[in-house]
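Working notes for the structure below.
Residue numbers (this note's numbering): 76 to 191.
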């Protein structure tokens with residue numbers, strides 16, 4: 076009985092060690108391959124609104140719209156079609172996010188278009 080228990084314990088311990096080793100290697104692979112978050116970048120303001128971007132995500136944000144009109148968020152994506160959002164009507168004084176999206180691989184920059 077002791078021999079049977081000892082044999083079974085060795086198999087479980089061996090399999091458990093393999094599972095831990097595989098888990099550690101998988102975590103290291105994800106950490107190496109997954110992009111890390113970076114601080115946002117921005118271009119100049121357009122009527123109080125700016126396009127902000129990170130590694131893959133981007134959004135349009137207005138601190139205070141200086142002139143009412145139509146605003147559109149655009150972005151340059153690497154290895155895929157560029158993003159051109161819908162025209163959104165914003166009133167003078169509006170503050171907040173008005174559009175967002177994400178590139179599959181990487182966003183180079185985001186910008187705001189405007190017409191009255």
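Note that the Cβ used here is the ideal one computed from N, Cα and C, for glycine as well.
As a quick exercise: from the options, pick the residue whose alpha carbon is nearest that of residue i.
| i | options | result |
| --- | --- | --- |
| residue 139 | 115, 120, 159 and 157 | 120 |
| residue 182 | 135, 157, 164 and 146 | 157 |
| residue 192 | 115, 178 and 118 | Past the edges of the chain, shown from 76 to 191, lies residue 192, and the structure says nothing about it. |
| residue 146 | 117, 172 and 115 | 172 |
| residue 166 | 175, 151 and 137 | 137 |
| residue 164 | 151, 176, 150 and 142 | 142 |
How is residue i classed by DSSP in three states: helix, strand or coil?
| i | result |
| --- | --- |
| residue 157 | coil |
| residue 179 | coil |
| residue 147 | strand |
| residue 165 | strand |
| residue 141 | coil |
| residue 121 | strand |
| residue 136 | strand |
| residue 185 | strand |
| residue 129 | coil |
| residue 116 | strand |
Roughly how many whole angstroms lie between the Cα atoms of residue i and residue j?
| i | j | result |
| --- | --- | --- |
| residue 159 | residue 131 | 15 angstroms |
| residue 144 | residue 162 | 9 angstroms |
| residue 170 | residue 191 | 18 angstroms |
| residue 134 | residue 168 | 19 angstroms |
| residue 115 | residue 129 | 5 angstroms |
Taking the beta carbon of residue i as the centre, do at least 16 other beta carbons fall within 10 Å, making it buried, or is it exposed?
| i | result |
| --- | --- |
| residue 180 | exposed |
| residue 148 | buried |
| residue 118 | exposed |
| residue 174 | buried |
Under a CB-based cut-off of 9 angstroms, is residue i close to chain B?
| i | result |
| --- | --- |
| residue 191 | This model lacks chain B altogether, as it is built from one protein chain only. |
Item to check | Meets three-Cβ-pair contact criterion under 8 angstroms: the region 118–130 and the region 176–187 | outcome: Taking 8 angstroms as the limit for Cβ pairs, the verdict is that the region 176–187 does touch the region 118–130.
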